[in-house]
Each structure stands twice: as structure tokens, then as C-alpha cells.
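Novice: Protein chains in written order, with this note's numbering: chain A, 1 to 630; chain B, 631 to 967.
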Amino acid sequence: MYLCCHKNMSKKMTDNIEKIKELEEVVIRFSGDSGDGMQLTGSLFSDTSALLGNDLATFPDYPAEIRAPQGTVGGVSGFQVHFGQSEVNTPGDYADVLVAMNPAALKANLKLIKRGGTIIIDIDSFTEKNFEKAGCVSDPLKQLGYRDYNIIKAPISTLTRESLKGLNLDTKSILRSKNMFALGMVYWLFHRPLEFTQKFLENKFKKIPIVIEANKIVLKAGYYYAETIEALHPSYRVAPARIEKGTYRNINGNIATAWGLIAAAEKADLKLFLGSYPITPASEILQELSKRKDLGVKTFQAEDEIAGICTAIGASFAGQLAVTSTSGPGLSLKTEAIGLAIIMELPLVIVNVQRGGPSTGLPTKTEQSDLMQALFGRHGESPLVVLAASSPSNCFKYAFEAARIALEHMTPVILLTDGFLANGSEPWKIPDMKSLPKITPPIVKEDTEDYQPYRRLNDEMVRGWAVAGTKGLEHRLGGLEKMAVTGTVSYVPENHQVMTYEREKKIEKVVSKVPDIKVLGEQEGELLLIGWGGTYGHLYTAYRELKKEGFKLGFAHFNYIKPLPANTYNTFKKYKNLLVCELNLGQFANYLRLNFQDLEFMQYNKIQGLPFTVSEIKEKILTVLQEETK
Amino acid sequence: MSEQVVLSPKDFKSDQEVRWCAGCGDHAVLSAVHRSMAELGLDKEKYVVISGIGCSSRFPYYMNTFAMHSIHGRAAPISSGVKLANPELNVWMITGDGDSMAIGGNHFIHLVRRNIDINLILLNNQIYGLTKGQYSPTSLEGQITKTSPYGSIETPFHPGALVVGAQGTFFARSIDNNLKLSTRIFTEAAQFKGTSVVEVLQNCVIYNDKAHGYLTDKEHKEDRQLILEHGKSMIYGKDRDKGIVLDGLSLKVVKIGEDGISEKDILVHDAHTKNPLMHLLIANMLNPEFPVALGVIRAVPTETYEDKFYKQMEVVKEKSPIKSMQDLLHSGNVWTV
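1. Going along the segment 796-816 of chain B in order, which residues come within less than 9 Å of chain A, judged by CB to CB distance?
2. Look up A/Lys-636 in the DSSP assignment and say whether it is helix, strand or coil.
3. Nearest CA to the CA of A/Ser-46: which residue from A/Asp-148, A/Asp-36, A/Pro-60?
4. Between A/Phe-317 and chain B, is any beta-carbon pair separated by less than 7 Å?
5. Within 10 angstroms of the Cβ of A/Gln-523, are there 16 or more other Cβ atoms? Answer buried if so, exposed if not.
6. Can you grab the Cα-Cα spacing for the pair B/Ser-826 / A/Leu-169, in whole Å?
7. I'd like to know whether the C-beta of B/His-664 is nearer than 7 Å to at least one C-beta of chain A.
8. Taking buried to mean at least 16 other C-beta atoms within 10 Å of its own C-beta, is A/Gln-626 buried or exposed?
9. Using only alpha-carbon positions, find the residue among B/Ser-804, B/Ser-644, B/Lys-640, B/Val-636 that is nearest to A/Leu-477.
10. Within the same chain, show all residues whose beta-carbon is closer than 8 Å to that of B/Asn-694, passing over the 5 residues directly before and after it, in chain order.
11. Check whether the Cβ atoms of A/Thr-118 and A/Pro-91 sit closer than 7 Å, and answer yes or no.
12. Taking the straight line between their C-alpha atoms, what separation do you get for A/Lys-271 and B/Glu-718?
13. Three or more beta-carbon pairs under 8 Å between the segment 699-717 of chain B and the segment 725-733 of chain B, yes or no?
14. Taking the C-alpha atoms as reference points, what is the distance between A/Glu-381 and A/Asn-394?
15. Please tell me whether A/Ile-405 and A/Lys-513 are closer than 7 Å, where the distance is taken between their beta carbons.
16. What are the start and end residues of the beta strand (DSSP E) that includes A/Ala-322?
17. Per DSSP, what kind of secondary structure is A/Gln-354 in: helix, strand or coil?
18. Using the three-state DSSP reduction, which class does B/Asp-847 fall into: helix, strand or coil?
19. Buried or exposed: which applies to A/Leu-594, given that a residue is buried once 16 or more other Cβ atoms fall within 10 Å of its Cβ?
20. Taking buried to mean at least 16 other C-beta atoms within 10 Å of its own C-beta, is B/Gly-671 buried or exposed?
21. I'd like to know whether the C-beta atoms of A/Phe-190 and A/Val-218 end up nearer to each other than 7 Å.
22. Helix, strand or coil for A/Arg-404? Go by DSSP, reduced to three states.
23. What do you get for A/Pro-358, buried or exposed, if any count of 16 or more other CB atoms within 10 angstroms of its CB means buried?
24. Using a Cβ-Cβ cut-off of 6 Å (strictly less than) and excluding sequence neighbours within five positions of A/Phe-79, which residues of its own chain qualify?
25. Once DSSP output is grouped into helix, strand and coil, what is the label at A/Lys-245?
26. Check the Cβ of A/Glu-628 against every Cβ in chain B and list those closer than 7 Å, keeping chain order.
27. If I follow the unbroken alpha helix (DSSP H) through B/Arg-814, where does it start and stop?
28. Round the Cβ separation of A/Asp-33 and A/Asn-89 to the nearest angstrom and send it over; I've been treating them as touching at under 8 Å.
29. Quick check: what's the CA-CA separation for A/Asn-458 versus B/Ala-929?
30. Would B/Ala-802 and B/Ile-815 be called neighbours here (beta carbons separated by less than 7 Å)?
31. Going along the chain, which residues of the segment 486-505 of chain A sit with their C-beta nearer than 7 Å to a C-beta in chain B?
32. Would you say the segment 286-306 of chain A touches the segment 325-340 of chain A, given that touching needs at least three Cβ pairs under 8 Å?
33. Which residues, in chain order, does the segment 188-204 of chain A contribute to contact with chain B at a C-beta distance below 7 Å?
34. Is there a Cβ from chain B that is less than 7 Å from the Cβ of A/Met-410?
35. In terms of DSSP beta bridges, what is A/Pro-60 paired with?
36. Just how far apart, CA to CA, sit A/Val-444 and A/Gly-314?
Structure, rendered in C-alpha cells:
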């Protein structure tokens with residue numbers, strides 16, 4: 001599948017063979033104005049790399065404004081991709097290569113470039129006027145020590161214009177394709193074929209051939225330009241990763257979540273119903289499921305967050321796998337309805353893609369903001385199951401799992417993902433549908449004699465699901481306290497206590513579905529590194545690197561938050577120090593303290609709307625370990 | 631399929647003791663719903679009754695059907711979810727002037743706009759009963775309540791005007807003490823495909839007694855009510871000598887036989903016309919200037935949301951190459967290692 005332009009250049013490439021360096025892994029950050037197409041550029045590079053067999057992780061980092069004022073730092077949109085020939089679990093702390101389409105992009109990312117890294121800038125945009133827009137007193141390039149970086153000042157705008165001279169295109173369209181020039185340069189630098197991107201362009205602009213042609217010309221122009229200029233030598237090669245055999249695709253957390261839900265519906269032999277309201281960064285789940293009418297998925301874009309969850313509750317009463325998706329502010333609005341689903345003991349999945357809070361907070365930025373809200377954010381004693389996904393692709397697994405628990409245990413389940421997982425992508429080994437477990441909700445058969453809505457059917461204390469429309473099972477549900485077994489309204493004081501215990505116990509009993517927590521590395525000793533949800537990649541990489549460097553520590557990462565794995569306490573007890581790292585002020589640490597009051601937990605917290613960096617985690621761990629040896 | 635079982639109103643009564651106050655208008659509405667369901671002749675399991683919060687929202691507990699007493703204001707989206715999940719169900723939503731005009735106002739207009747096939751019974755007693763006597767969005771200006779001890783200064787909502795404003799397809803009005811009329815209207819509403827809003831003027835014997843007393847006064851009710859029928863002249867009155875005519879862009883009460891007015895000058899009620907202007911004028915007729923219109927004011931058959939919803943799904947299913955989750959997983963860019 002190697003493409004034509006590679007063949008054409010094969011001689012030249014052989015000439016340059018000695019100038020090719022093998023690299024283990026590389027981090028590239030594409031950045032520019034939010035209208036410069038950096039998200040697309042980054043995605044195309046990632047997809048090409050994935051197709052070549054690299055392992056990778058991506059991190060789109062964009063402003064909340066659709067088009068912030070042009071040329072300003074606030075309007076910079078970035079896309080970081082980390083790819084390598086061995087396991088890649090994070091989008092990388094610092095960039096080896098930065099593409100900066102304007103001075104604002106360079107200014108915004110100065111701190112994120114590795115010493116000695118390569119910076120590709122569109123020198124045409126480095127004008128006094130643009131320095132001013134970016135809020136720079138002078139050329140931000142001057143702030144970089146020249147000797148520390150390999151700076152490529154490419155006249156990207158000029159050359160893009162030049163290469164499209166022959167085409168009858170307006171200036172705006174011409175300049176819009178300059179991202180392809182930058183992409184072409186990066187492709188050459190890392191020996192990537194253009195074929196995939198060319199095909200993508202052909203599909204995307206099927207109806208406007210001139211745009212396909214223009215983009216292809218500019219892509220190649222960038223590629224050849226990079227080859228021609230000496231400054232870019234040597235070029236690099238990152239060999240395919242040694243990954244498990246199988247069929248792969250790239251997937252981000254939101255799509256994986258949507259697909260996990262469809263898979264669960266198929267395995268439960270139910271229709272999937274999503275009642276939702278658009279909210280960043282969760283909208284993509286609603287969008288993706290709206291596309292899936294072909295699979296019989298029903299989506300309803302409600303008038304607000306409350307209506308979103310309420311339509312789902314209605315659908316659950318009528319026997320469907322009912323889901324609502326949202327982010328922090330939306331979860332706040334849904335809380336009363338979640339309480340209703342709890343007292344009615346109906347299956348319901350609530351996907352909460354966490355973002356920086358409180359209030360509107362940081363809509364496009366990530367944070368492990370809502371753990372406490374998920375666990376406790378309702379009036380009354382209102383327990384439910386809380387799960388958290390920990391990588392973009394395992395959002396599939398945990399969405400499936402959330403649906404399985406909701407359906408088999410007749411309870412609402414909150415699945416926590418976050419902005420980092422939702423937008424980040426990675427290659428994913430496609431599961432075989434046959435390998436997924438069958439889901440068997442306790443649906444009551446028609447005309448069941450002596451059907452009682454709140455009779456507990458098994459050790460898990462699950463009640464039966466008498467789907468509206470089933471003959472002989474007419475019954476009333478509601479928000480008022482229920483009489484045990486019969487489910488009629490009851491104000492009997494003792495009954496309220498019985499039902500409160502039953503609801504709490506029922507959730508505790510979900511532990512039968514929760515796998516034991518597995519510790520990586522040391523099984524006892526000085527330090528256990530503890531995390532949950534979306535921070536897995538960074539924590540794992542820090543753990544792996546420290547282990548490689550000879551340090552001794554264990555690492556435990558949680559996906560099941562309520563109930564916690566049965567062996568949690570006994571696992572924790574084996575360590576002298578317990579360090580909980582999370583992107584909030586310590587919500588999981590406090591939850592653990594509540595559960596295990598005789599244990600002490602140390603915390604490491606970051607609340608910047610950004611993921612951890614591997615280096616800051618390592619540094620923290622080393623401080624703890626050194627304290628110990630003192 | 632199962633043989634047709636003829637059900638009677640009492641088959642729809644649950645075993646729960648009805649806990650509304652003696653003399654509350656809700657009792658009669660409950661009876662009318664039981665009768666109407668029996669009349670409709672569907673299997674019992676096909677009925678689903680959803681309510682929000684308020685006195686009227688206790689309704690589901692007294693129904694021997696699938697039913698849900700939900701949370702304040704949210705019966706509309708819950709009903710919508712039930713209907714979309716299973717369009718074969720006959721969904722009834724029971725709500726009040728607080729539940730649907732205040733906290734659930736947003737859901738109300740969006741339900742009406744979407745035209746999902748739900749029978750919405752709005753019991754309007756112009757007061758908050760369950761919370762013991764505060765004013766509601768339909769309370770009259772000047773009304774003395776616990777939270778308006780010096781008289782309400784708010785402009786009341788007219789549910790009919792809201793339905794028309796939200797491009798609703800069905801609006802009817804009944805009154806609690808006319809069981810026959812309520813039953814007839816409920817049945818017609820249930821048979822209508824689309825969101826059918828029925829406002830029932832209802833008396834709260836404790837907190838707003840005789841709210842509709844002027845209208846229901848035994849001596850004068852024929853002169854104060856206009857019971858509409860599609861295709862019939864808008865003639866009313868004890869002596870059937872009053873009627874409604876159009877005067878410019880307003881309605882006017884006239885006396886037949888006076889000023890040269892004869893029966894043929896009186897407006898004929900057309901519930902099926904798409905143009906909502908006349909329906910708005912009729913719905914907004916207030917005592918004492920006008921008789922209050924009862925009956926089906928507007929019923930314009932329009933394709934329902936769920937019909938469009940499932941039709942679109944079938945079209946997409948037929949065209950798409952993706953037939954299963956396995957297909958979806960392997961669609962687009964995949965590669966094999």
C-alpha cells in the first residue's frame with residue numbers, strides 16, 4: 001500500500017538513508033488558530049500512523065469559543081499526538097515537534113516543547129501585527145534559545161499560495177489549505193505515506209473536486225519542500241509497535257462510549273434509547289447515536305437536561321436500555337430524576353463526561369470534577385453504582401459494563417468519563433461481539449401470577465422488570481416511598497427504614513460483578529500509587545518508567561468506584577504509604593478515607609483543566625520515596 | 631391474538647383508597663377517565679398513565695393500569711419516553727396548573743410542539759392545592775392566596791393560548807362537574823393522533839372553592855357556557871337565543887332576533903381548520919363578557935412525532951450497509967496487525 005510519491009522518490013530516499021534516525025517514540029503538537037484546521041491535521045497524522053502500526057495516544061486541546069479572535073492566544077487550538085514503536089499510554093508531556101501556524105500558537109506552547117525539539121513555524125505569519133494580536137512585545141521566537149531548538153521557518157502561506165496559482169480558487173480557500181502544507185512537511189519528516197490522507201480528501205470533498213485537487217497539491221508541496229530544505233535533515237523513522245495481533249481501529253472515548261452502549265443493547269436483546277441534550281464535551285455521544293438509526297438506536301434531543309433523563313426513565317419503564325448523556329452542569333440538573341430512578345429501581349445509564357467546574361467552569365478542559373456528585377449528589381439516601389472508564393478505548397468496555405449492571409441489577413449507574421478520554425483517541429483492538437457476555441435483565445413474563453413489583457428475586461435483591469404493555473402486570477411506580485414487596489405507597493415509619501436498607505444493600509451486592517483490584521509491580525511495601533478513571537495513562541507511564549529506573553512501588557487503578565472491589569482494604573493495608581493522584585482536590589482520597597477510616601492517604605492533586613504530566617507524577621512519587629529513606 | 635375482553639370502568643380502578651378531599655373535582659375526572667378507557671376498548675395493559683406532582687398527580691395510584699407518579703413538572707418528558715419506546719401504548723398524562731404551567735412549562739410547550747401522541751389532561755383549579763394554597767400561574771389577577779395576601783399581581787396563563795402558540799394540534803376544555811362531557815372529550819382526545827391537551831376546569835374545595843362557581847352556577851350555567859361541537863353554530867343560552875359572531879378581529883356576543891341577527895349569522899365551529907386564529911379567540915373567551923367555551927376547540931390531524939421518527943428509522947435502515955454491531959465495529963478505517 002505504499003504510495004506513488006514514495007516510489008518516485010525512492011532514489012533520493014536511498015541517498016538520504018544515512019540521514020534517517022530511528023526513534024522509539026515521538027510527540028508532535030499541531031497548533032494554530034481555531035480556524036486553521038489543526039484538529040483535522042492532527043487526526044489525519046494520527047490515523048496514518050495508526051495504519052502504519054504505531055501505538056499512539058492523542059489529545060485535542062481547543063478553546064470553548066468556536067472562533068475566538070483570530071491570532072490571539074485564547075484562540076489557539078492544539079492537537080497533540082504521541083506515537084511509538086512500544087506501548088503508548090499518554091499523549092506525552094512535551095512535544096518533540098511543534099507546528100505553530102502563527103505567533104500566538106508558538107507563544108501558547110512555548111512551555112510544551114522539549115529542549116532540542118523541532119519547531120516548524122509559518123514564518124509568513126510572524127509579522128509585527130500578529131505579534132501584537134498574540135500579545136507579544138516582540139518576536140516570540142527570540143524568547144527561545146536558538147541553539148536549543150531546531151527551528152524551521154517555512155514560508156507556508158506564500159508557498160501554499162504559490163502552489164495553487166494555476167487553480168481558480170479564492171484567497172480564503174487557498175489559505176484554508178495551508179494546514180495541508182504543514183502536514184505534508186511532517187509526513188516527510190517521519191516517513192509517512194500520503195495515501196491515506198489523499199483518500200480522506202477524496203471522500204470528504206467528493207462534491208467539490210477543486211478542493212480535493214487543491215489540498216492534494218498543497219500536501220505534496222509541503223512534502224517536497226521538507227525534502228528539499230536541508231534544515232530538516234535528518235528525518236526520522238518510528239517503526240511499527242510490537243502490538244497484539246488483531247484488527248484495529250482508532251477510536252476516541254465518546255465514540256467508544258456510544259458503541260459500548262449499542263453493543264450492550266444487542267447483547268441484552270433490547271432497543272437502545274438515548275434521551276439527551278447537547279453539552280460539551282458529551283455531545284458527540286448523542287451525535288454518534290443519532291447516526292445509528294440503522295441499528296435501531298432511538299435518540300431524542302430533549303428540550304433540556306431534565307427532559308433528557310426523564311424521557312430515558314419513560315423508555316426504561318417501557319422496557320428499553322435507557323441512557324442519558326451529559327457533563328457536569330447537566331448532571332446537576334438531572335439529580336432529582338436520578339433519585340426517581342433510584343426509588344423506582346429502574347435500569348438507567350447516566351454517562352457523565354466530566355469537565356472543569358464548578359458552574360460553567362472550563363467546558364472544553366478535563367477534570368475529575370464530579371466524583372462526589374456522582375456518589376452523593378442527591379437528596380435522601382440515594383445509592384447507585386458508579387463506574388469510571390480509564391482510557392479512550394475502554395470507554396467501550398465500561399459503557400457496556402454500566403449497561404450490564406443497570407439492566408441485571410435494576411439500578412441507575414453513573415459512568416464517569418472525562419474530556420480527556422472523550423476527545424483523546426488511540427488504536428483499539430476491535431472486540432469480537434461473540435466474546436462479550438450476554439446480558440439478562442430480570443424481565444417479568446406476562447400473566448405471572450401474584451406479581452409483586454418490589455419482591456426481591458435473588459441474593460442480589462433485584463426486583464423484576466415488568467415492562468409497560470405486558471399483559472397482567474399492570475402496576476404503579478412513583479417517587480413516594482414504596483411498601484416493601486407490594487410497592488404501594490407507604491408512610492409506615494419502619495417500612496421506610498427497611499426500604500432504605502434494601503436500596504443500599506442492593507447496590508453493595510453489585511460487588512459480585514466487580515473484579516478484584518489488581519496491583520501492578522510491588523504487591524506490598526513502601527508505596528502504592530492509586531488512581532481512578534481518566535488518569536490511568538499518565539499514572540501507568542510514571543509507574544512503568546520508575547520501575548524501569550529501579551524504584552519499587554505498586555500501582556492500583558480503579559474503574560469500579562461504587563461498590564469498590566472487595567479486596568480494596570486488604571490491598572491497601574499492605575503498603576506503608578498510599579498516594580492518591582487525581583485531577584481535583586482529593587475527592588477519591590476522601591471517599592477512600594470515608595470507607596477505610598483507619599488508613600492514611602496522601603494526595604497529589606492538579607486542577608488546571610489539563611491531564612497530569614508523567615514527569616510531575618514521577619517527581620511526586622520520588623519525593624515520597626525519598627522521605628521514606630530519610 | 632387474545633379474544634376481545636369488554637372492560638368496564640371499574641376494571642380501571644385500583645385497590646388503593648382515593649385520598650382526595652371530599653368534594654374535590656378530581657373524583658369526577660377520575661371517573662370520566664375510567665369510563666373513557668372502558669369505552670376505548672383497548673386491552674388494559676396498553677394504557678399507561680403518567681403524572682407529575684400535585685393533587686391531581688396522585689391520579690396514577692387510583693388507576694389499575696401501568697402508571698407512574700413521577701416528579702414535579704416532568705410528566706411530559708416521561709410520557710414522551712414511554713410513547714417513543716413503544717408507540718403501541720396509549721399514554722395518558724395527568725397534570726395540573728402548577729405541574730404543567732409553572733415548573734413543567736417548558737416541557738409542556740415542547741411536547742405540544744412535537745405532537746407526540748399523548749392525551750394530556752390538565753386539571754386547572756387556579757391554585758396550589760397540595761402545598762396548601764399558594765397562587766398558581768393560572769390564578770386570576772387580584773386573587774387572594776397565602777402567597778398573595780394582598781392579591782396576585784401576575785397575569786395568568788391561558789392553557790389554550792399556550793397550545794395554539796406552541797402550534798398544538800388538539801385543544802379541548804371540560805369542567806369537572808360535567809362527567810358526560812369529560813368522558814366524551816377524553817375519548818375523542820385519546821382517539822386523536824397527536825398531543826391532545828384537555829383542560830379540565832376543576833374546583834379545589836379547600837383552597838379555591840367555587841373558582842369556577844360563576845360558570846357552574848346552576849341557575850345561569852347555560853348562559854355562561856358554550857358547549858362546542860364541530861360543524862355546529864355557536865349558539866347557547868337557556869333560551870338558545872345567544873350566539874357568537876366575528877366583529878373585525880374580535881368575537882362578539884349577539885342576541886338572535888335582535889338587530890336583524892338570525893341563526894345563520896352565527897359562527898359555525900370548525901375544529902379542523904389549520905388556521906389557529908379562531909381557535910385562539912374561542913379559547914380565550916372569558917366570563918362574564920363571553921360564555922366560556924367547552925368541548926373540542928381545536929383538532930387538526932397532523933403527522934405525529936413518533937410516526938416521523940419510525941419512518942425515518944426505516945429509511946435509514948434500508949439504505950445503510952451497517953446491519954449489526956459487528957458491521958459497525960469494522961466500518962471505516964481498520965487495519966490488521
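Heads up, the beta-carbon is just placed ideally off N, CA and C, and yes, glycines get one too. All values reported here derive from a predicted model rather than from experimental measurement.
Specialist: Let's see:
1. none
2. This structure cannot speak to residue 636 of chain A, because chain A is shown only from 1 to 630.
3. Reading the first sequence from its first residue, position 46 is the one you call residue 46 of chain A. The candidate whose alpha carbon is nearest that of A/Ser-46 is A/Pro-60.
4. Here residue 317 of chain A is taken as the residue at index 317 of the first sequence, counted from 1. Yes, because at least one Cβ of chain B sits closer than 7 Å to the Cβ of A/Phe-317.
5. Working through the first sequence from its first residue, we reach residue 523 of chain A at position 523. Classification for A/Gln-523: exposed.
6. By one-based count along the second sequence, residue 826 of chain B stands at place 196. By one-based count along the first sequence, residue 169 of chain A stands at place 169. When rounded, the distance between both Cα atoms is 55 Å.
7. Here residue 664 of chain B is taken as the residue at index 34 of the second sequence, counted from 1. Not one chain A Cβ lies under 7 Å of B/His-664.
8. Here residue 626 of chain A is taken as the residue at index 626 of the first sequence, counted from 1. Answer is exposed; the Cβ neighbour count stays below 16.
9. Sequence index remark: in the first sequence, residue 477 of chain A carries index 477 (1-based). The shortest C-alpha separation from A/Leu-477 is found at B/Ser-644.
10. Start at 1 with the first residue of the second sequence, and residue 694 of chain B comes out as number 64. Once the five neighbours on either side are set aside, the close Cβ partners of B/Asn-694 are Asp-641, Phe-642, Lys-643, Ser-644, Asp-645, Lys-674.
11. Translated into the one-based positions of the first sequence, residue 118 of chain A becomes position 118. Translated into the one-based positions of the first sequence, residue 91 of chain A becomes position 91. No; because the gap between Cβ atoms is not below 7 Å, this pair is not in contact.
12. Counting from 1 along the first sequence, the entry for residue 271 of chain A is found at position 271. Counting from 1 along the second sequence, the entry for residue 718 of chain B is found at position 88. Near 15 Å, if we compare the C-alpha coordinates of B/Glu-718 and A/Lys-271.
13. yes
14. The residue labelled residue 381 of chain A in the question sits at position 381 within the first sequence. The residue labelled residue 394 of chain A in the question sits at position 394 within the first sequence. The alpha-carbon atoms of A/Glu-381 and A/Asn-394 are separated by roughly 31 Å.
15. Here the question's residue 405 of chain A lines up with position 405 in the first sequence. Here the question's residue 513 of chain A lines up with position 513 in the first sequence. Contact: yes.
16. Within the first sequence, residue 322 of chain A is the residue found at index 322, counting from 1. Unbroken beta strand (DSSP E) run through A/Ala-322: 321-326.
17. As a first step, residue 354 of chain A is located in the first sequence; it is residue number 354 there, counting from the start. Note: A/Gln-354 maps to strand in three-state DSSP.
18. The sequence position of residue 847 of chain B within the second sequence is 217, counting from 1. In the structure shown, B/Asp-847 sits in coil (DSSP, three-state: anything other than H, G, I, E or B).
19. For the purposes of this step, residue 594 of chain A is taken as the residue at position 594 of the first sequence. With fewer than 16 Cβ atoms within 10 Å of its Cβ, A/Leu-594 is classed as exposed.
20. Within the second sequence, the letter at position 41 stands for residue 671 of chain B. Answer is exposed; the Cβ neighbour count stays below 16.
21. As a first step, residue 190 of chain A is located in the first sequence; it is residue number 190 there, counting from the start. As a first step, residue 218 of chain A is located in the first sequence; it is residue number 218 there, counting from the start. No.
22. Position 404 of the first sequence holds residue 404 of chain A. The answer is helix: DSSP assigns A/Arg-404 an H, G or I state.
23. Stepping through the first sequence from its first residue, residue 358 of chain A is reached at position 358. With fewer than 16 Cβ atoms within 10 Å of its Cβ, A/Pro-358 is classed as exposed.
24. Counting from 1 along the first sequence, the entry for residue 79 of chain A is found at position 79. If we look at A/Phe-79 and ignore the five residues flanking it on each side, its Cβ neighbours are Phe-30, Met-38, Gln-39, Gly-42, Pro-60.
25. Position 245 of the first sequence, counting from 1, holds the residue named residue 245 of chain A. In this structure, A/Lys-245 counts as coil in the three-state DSSP scheme.
26. Within the first sequence, numbered from 1, the residue matching residue 628 of chain A stands at position 628. Simply none; closest approach about 42 Å.
27. Along the second sequence, read from residue 1 onward, the residue named residue 814 of chain B stands at position 184. Here the alpha helix (DSSP H) through B/Arg-814 covers 809-821.
28. The count along the first sequence starts at 1 and reaches residue 33 of chain A at position 33. The count along the first sequence starts at 1 and reaches residue 89 of chain A at position 89. Rounded, the Cβ-Cβ distance is 30 Å, inconsistent with contact.
29. Here residue 458 of chain A refers to the residue found at position 458 when the first sequence is read from its first residue. Here residue 929 of chain B refers to the residue found at position 299 when the second sequence is read from its first residue. Cα to Cα, the separation comes out at about 50 Å.
30. If you number the second sequence from 1, residue 802 of chain B lands on position 172. If you number the second sequence from 1, residue 815 of chain B lands on position 185. Yes.
31. Thr-488, Val-489
32. yes
33. none
34. Stepping through the first sequence from its first residue, residue 410 of chain A is reached at position 410. Judged by the 7 Å Cβ criterion, A/Met-410 is not in contact with chain B.
35. Taking the first sequence and counting its residues from 1, the one referred to as residue 60 of chain A is at position 60. According to DSSP, A/Pro-60 bridges with A/Phe-79.
36. Counting from 1 along the first sequence, the entry for residue 444 of chain A is found at position 444. Counting from 1 along the first sequence, the entry for residue 314 of chain A is found at position 314. Computed Cα separation, rounded: 18 Å.
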